[in-house]
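Participant: Sequence order for the protein chains is A and V. Residue numbers for the first sequence follow the numbering used here, so the first one is 831 and each next one is one higher. Residue numbers for the second sequence follow the numbering used here, so the first one is -9 and each next one is one higher. Note that the Cβ used here is the ideal one computed from N, Cα and C, for glycine as well. A quick note: this is a predicted structure, and the numbers were derived from the prediction, not measured.
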Amino acid sequence: MNKKKLIFITGAVAVGVVVQLLISSGVINPYFAQILTLMSMYAILATSLNLINGITGQFSLGHAGFMALGGYFSAILTTKLALPLPNFLMFPLSLLFGGLVAAAAGFLVGLPTLRLRGDYLAIATLGLGEIIRVMFVNWKYVGAAAGMKGIPGYTNFLWTYVIAVFSILIIVNFIKSSHGRACISIREDEIAAETMGINTTKYKVMAFVIGAFFAGVAGGIFGHLIRLLHPNSFTFMVSVEILLMVVLGGLGSITGSIAAAVFLTGLTEALRQFSDLRMIIYSLMLIVIMLFRPQGLLGTREFSLDMFSKFTKKAEKAER
Amino acid sequence: MKRKLFLIIALLMVASLVLSACTSKDPAPVNNGGDKPTGETIKIGGILEMTGNIASFGQSSRNGIVLAFEEINAKGGVLGKQIEFVLEDNKSIQVESATAAQKLIQQNGVAAILGAVASSNTLAAAPIAQDAKIPLISPSSTNPAVTEVGDYIFRSCFIDPFQGVVMSKFAIENLGAKTAAIMTDNNSDYSIGLTEVFKEAFTAAGGKIVSEVAYVSGDTDFNSILTSVKNAGPEVVFIPGYYDSVGLILDQAKNNVGFSSDIVFLGTDGWDSPTLFDLAGDSANGTYFSNHYSPDADSAIVKDFIASYKAKFNGAIPDALAATAYDAAYMIAAAIESAGTTDAAALRDAIAAVQLEGVSGNIKLNEKRDPVKSAVVIKIDGGAQTYYSTVEPN
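(1) Over the uninterrupted beta strand (DSSP E) stretch that includes V:A170, give me the two end residues.
(2) Distance cutoff 7 Å, beta carbons only. Does A:M1109 sit that close to anything in chain V?
(3) I need the boundaries of the alpha helix (DSSP H) containing V:E190, first residue and last residue.
(4) What three-state label does DSSP hand V:N245 in the structure shown?
(5) When the Cα atoms are used, what is the spatial distance from V:D339 to V:T210?
(6) What residues match up with V:P361 in a beta bridge as DSSP calls it?
(7) To the nearest angstrom, how far is the alpha carbon of A:A876 from that of V:K168?
(8) For the segment 974 to 992 of chain A, enumerate the residues whose C-beta is nearer than 8 Å to any C-beta of chain V, in chain order.
(9) Can you tell me where the beta strand (DSSP E) holding A:I1110 begins and where it ends?
(10) Hey, is V:N327's beta-carbon within less than 7 Å of any beta-carbon in chain A?
(11) Tell me, please, which residues DSSP counts as bridged to V:K198.
(12) At which residue ranges does the segment 1035 to 1093 of chain A contain complete beta strand (DSSP E) runs of 3 or more residues, listed in the order of the chain?
(13) Which bits of chain V does A:S1063 rub up against, with CB to CB less than 8 Å?
(14) Give the interface partners of V:I182 over in chain A, defined as CB-CB distance under 9 Å, in chain order.
(15) Relative to the C-alpha of A:G1041, which candidate in A:P922, A:A934, A:R945 has its C-alpha closest?
(16) Within 10 Å of its beta-carbon, does A:T985 have 16 or more other beta-carbons around it, so buried, or fewer, so exposed?
(17) By the DSSP assignment, the beta strand (DSSP E) with V:R145 in it spans what residues?
(18) Please check if any C-beta of chain A sits within less than 7 Å of the C-beta of V:T185.
(19) Quick check: is the beta carbon of V:K302 nearer than 7 Å to any beta carbon in chain A?
(20) Using 7 Å as the threshold, is the C-beta distance between V:T174 and V:A204 below it?
(21) Give a yes or no on whether the minimum CB-CB distance between V:N22 and chain A is below 7 Å.
(22) Which stretch, first to last residue, makes up the beta strand (DSSP E) that contains A:T943?
(23) Taking C-beta to C-beta, are V:F144 and V:I124 nearer than 7 Å?
(24) What in chain V is Cβ-close to A:P860, meaning under 7 Å?
(25) Which residues of chain V have a Cβ atom closer than 7 Å to the Cβ of A:I1072, listed in chain order?
(26) With 7 Å as the threshold, decide whether the Cβ of A:V849 is near any Cβ in chain V.
(27) For a contact meaning CB atoms closer than 7 Å, what does A:L1058 contact in chain V?
(28) Run through the DSSP bridge pairs and tell me what A:M869 is partnered with.
(29) Under the rule that 16 or more other beta-carbon atoms within 10 Å means buried, what is V:A115, buried or exposed?
(30) Look up V:L346 in the DSSP assignment and say whether it is helix, strand or coil.
(31) Determine, using beta-carbon pairs with one atom in the segment 266 to 275 of chain V and one in the segment 240 to 251 of chain V, whether at least three such pairs fall under 8 Å.
(32) Find the nearest neighbour of A:M871 within the set A:I953, A:F1122, A:P1061, A:A894, judged by alpha-carbon distance.
(33) For A:V847, does the count of other Cβ atoms within 10 angstroms reach 16, so buried, or fall short, so exposed?
(34) Beta-carbon within less than 6 Å of V:S350's beta-carbon, same chain only, minus the 5 sequence neighbours each way: which residues are those?
(35) Just by C-beta distance, which residues in the segment 202 to 220 of chain V are closer than 8 Å to chain A?
(36) Looking at A:F1038: is its Cβ nearer than 7 Å to the Cβ of A:G936?
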């Protein structure tokens, strides 16, 4: 198992390095590089939200808020405080800082709100996201309603991709651990989980904090990619967009979230040329997909190479 | 088995869509420097808010640009080549504006970019244009920070502080006001910036601000803040906000709080929308606001512009956004003509030196790449906008 994981990590990182080399040498132009970076960033956002919504079954609508917290606080570190550190240290440090601020906010807010269930939690987290946004609208130090300008463009594809690979690995490991199973049991039946002696609040908060942390990291990546942080970049619609990726990929399926993040980011770009019709085509495609696959593209299943080996085994059996 | 097959098919569909998304782009060669115009046309990119919450602004701007380029092409284009306008939608959000800028520069190889409308969106696109050294002209981003991004970023409209000064000057000189109240939209940088400029200019000229109140865009009940404004007894009330809130404020001031008609309401270009009349009705009469241009202005170029705009867009009267976008399109055409090339550095210098008579006033850029030009004051009378006066910059 460990060997397999090692092969997976080295393989994934190698792919990233090759793509980055292609970008640096100009084979892939900056436009595609930016789209690939956005895809990786949305993959982090979608998987981290999936941990909260899909795995633990807590309906959260505040992801854009955590993203904003991470984005602004990491940008404060790189823009406002001139620490004497080289860029390659400064950037991950600022992302870590942004993630930790978002996680701390997730902890503070999660503790009381995660006692709520279903719709009530959705409304509470929706409110939270808006409160964070309005806080940045009124905070003069980070530019208030004009937004924060002059953020260095540290983000490149390799950084985003490697961070995406590692954050996904951490989330997958968490899900496979006993903590993760506790989270899944809460999703399946909260009362039954409680009867089995699982501290439901503890595990819900744990999943919420981890999800918030990675949303914060993604926010930092976003800020250093666009080089401008504007409160309007973190509206409720952004939370919905991320939720859409999770639902489309299948609640509870990490690979589904990644596939949906890549698919939806690519789709918005591909439809750009249709201008006015763009949102109509986009919505229509979503309706069609949800009609035929109400459980999402992958449901709760994961996509892996083992699936193909099962196919071949079955085929072999059939031949006999 | 059947379900698995379906799953595989679904995944293949996803993969093919993503792949087609990546490959169906123009195979146009990357034109980083834009040394020579490639082919028969000169490509000019546009990043506009075609969808999203300020789509009506983006569509007016598109109309202005399309009209200008059609006129230029009908006269033989520039440098003997036709102009091709490549428009990209930014959904009125920042990240899409940045991606649109990348696409126009890398995929379409445009010589220059026009857009975006909102300052926040232009600020997201500008660093990319600046890095790639592709000139960008925003037709209507009035925030001073926009052109501070770099020496390849220009605009064809005046900046916010100028409007604040214009209205303060107007209040003192034309209306003889000595006391003023200000109502600020705390959610909008535009409103906060204008409030500061107006306050400074008004007090510097010997006036007194007797009341300052704040609201947030989206509010619908302004009775309590209007009452406190009324009790302070100002001669003029300055509201640098957007038409949706302002319409409600004007209505409630006259009908609920009972402002007398001696108190004059003043505003800025955010008031420029028919929605204002829908919301305020007769209460809007007797108010003044500053704008980029007036369809009633008495000049030949404005009359020609309105006539051809009406002819092309089913009798619609062009608004200020269409006018500044039209001017921005003419600015880039004039600059390419005088530079004699689309080489980025030469084009940049040509735009900086451009001088032309536009529908929104005479355009001449200062060292900050902002136009120094006149503003018009519009009076709302009988439920319509009427031209009142032109205020020259000093």
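Facilitator: Reading it off the structure:
(1) By one-based count along the second sequence, residue 170 of chain V stands at place 180. Its beta strand (DSSP E) spans residues 169 to 175.
(2) Position 279 of the first sequence, counted from the first residue, corresponds to residue 1109 of chain A. Yes, because at least one Cβ of chain V sits closer than 7 Å to the Cβ of A:M1109.
(3) Numbered from 1 along the second sequence, position 200 holds the residue referred to as residue 190 of chain V. That run of the alpha helix (DSSP H) goes 179 to 194.
(4) Here the question's residue 245 of chain V lines up with position 255 in the second sequence. Of the three classes helix, strand and coil, the one that applies to V:N245 here is helix, per DSSP.
(5) Mapped onto the second sequence, residue 339 of chain V falls at position 349. Mapped onto the second sequence, residue 210 of chain V falls at position 220. The alpha-carbon atoms of V:D339 and V:T210 are separated by roughly 48 Å.
(6) Stepping through the second sequence from its first residue, residue 361 of chain V is reached at position 371. DSSP lists V:L355 as partners of V:P361.
(7) Stepping through the first sequence from its first residue, residue 876 of chain A is reached at position 46. Stepping through the second sequence from its first residue, residue 168 of chain V is reached at position 178. So the two alpha carbons sit approximately 57 Å from each other.
(8) A974, A975, A976, G977, K979, G983
(9) Your numbering for residue 1110 of chain A matches position 280 in the first sequence. Run containing A:I1110: none in the beta strand (DSSP E); it sits in the alpha helix (DSSP H), 1108 to 1122.
(10) Against the second sequence, residue 327 of chain V aligns to sequence position 337. One point to set straight first is that residue 327 of chain V is Glu, not Asn, in the sequence displayed. No, V:E327 lies away from the interface with chain A (no Cβ there is under 7 Å from its Cβ).
(11) By one-based count along the second sequence, residue 198 of chain V stands at place 208. V:T169, per the DSSP bridge assignment.
(12) none
(13) Numbered from its first residue, the first sequence carries residue 1063 of chain A at position 233. Under the 8 Å cutoff, chain V gives I83, Q84, V85.
(14) If you number the second sequence from 1, residue 182 of chain V lands on position 192. Here the neighbours are A974, A975, A976.
(15) The residue labelled residue 1041 of chain A in the question sits at position 211 within the first sequence. It is A:A934.
(16) Here residue 985 of chain A refers to the residue found at position 155 of the first sequence. Result: buried.
(17) If you number the second sequence from 1, residue 145 of chain V lands on position 155. 143 to 145 is the extent of the beta strand (DSSP E) around V:R145.
(18) Position 195 of the second sequence holds residue 185 of chain V. For V:T185, the answer is no, since every Cβ of chain A falls outside 7 Å of its Cβ.
(19) Position 312 of the second sequence, counting from 1, holds the residue named residue 302 of chain V. Not an interface residue.
(20) Start at 1 with the first residue of the second sequence, and residue 174 of chain V comes out as number 184. Start at 1 with the first residue of the second sequence, and residue 204 of chain V comes out as number 214. Closer than 7 Å, so yes.
(21) In the second sequence, residue 22 of chain V corresponds to position 32, counting from 1. Unreliable placement is indicated for V:N22, whose pLDDT of 41 sits below 50; the coordinate value is still reported in the next sentence. False, the Cβ-Cβ gap to chain A never drops below 7 Å.
(22) Position 113 of the first sequence, counted from the start, is the residue given in the question as residue 943 of chain A. Note, A:T943: premise wrong, no beta strand (DSSP E); alpha helix (DSSP H) at 917 to 943.
(23) Taking the first residue of the second sequence as 1, we reach residue 144 of chain V at position 154. Taking the first residue of the second sequence as 1, we reach residue 124 of chain V at position 134. Going by C-beta atoms, V:F144 is not nearer than 7 Å to V:I124.
(24) Taking the first residue of the first sequence as position 1, residue 860 of chain A is located at position 30. Q92, Q96, listed in chain order.
(25) To locate residue 1072 of chain A, count along the first sequence from 1; it is residue 242. Chain V residues near A:I1072: none, gap ~13 Å exceeds 7 Å.
(26) What you label residue 849 of chain A is simply residue 19 of the first sequence in a count that begins at 1. Closer than 7 Å: no.
(27) Along the first sequence, read from residue 1 onward, the residue named residue 1058 of chain A stands at position 228. Per Cβ cutoff of 7 Å: Q84, L113, A114.
(28) By 1-based counting over the first sequence, the position of residue 869 of chain A is 39. Bridge partners of A:M869: none, in fact.
(29) By one-based count along the second sequence, residue 115 of chain V stands at place 125. It counts as buried.
(30) For the purposes of this step, residue 346 of chain V is taken as the residue at position 356 of the second sequence. Reduced to three states, the DSSP call for V:L346 is strand.
(31) yes
(32) Counting from 1 along the first sequence, the entry for residue 871 of chain A is found at position 41. Checking every option, the nearest Cα to that of A:M871 belongs to A:A894.
(33) Taking the first residue of the first sequence as 1, we reach residue 847 of chain A at position 17. So A:V847 ends up on the exposed side.
(34) The count along the second sequence starts at 1 and reaches residue 350 of chain V at position 360. Here the set comprises H282, Y283, A313, T314, D317.
(35) none
(36) One-based indexing of the first sequence puts residue 1038 of chain A at position 208. One-based indexing of the first sequence puts residue 936 of chain A at position 106. A contact, by the Cβ cut-off of 7 Å.
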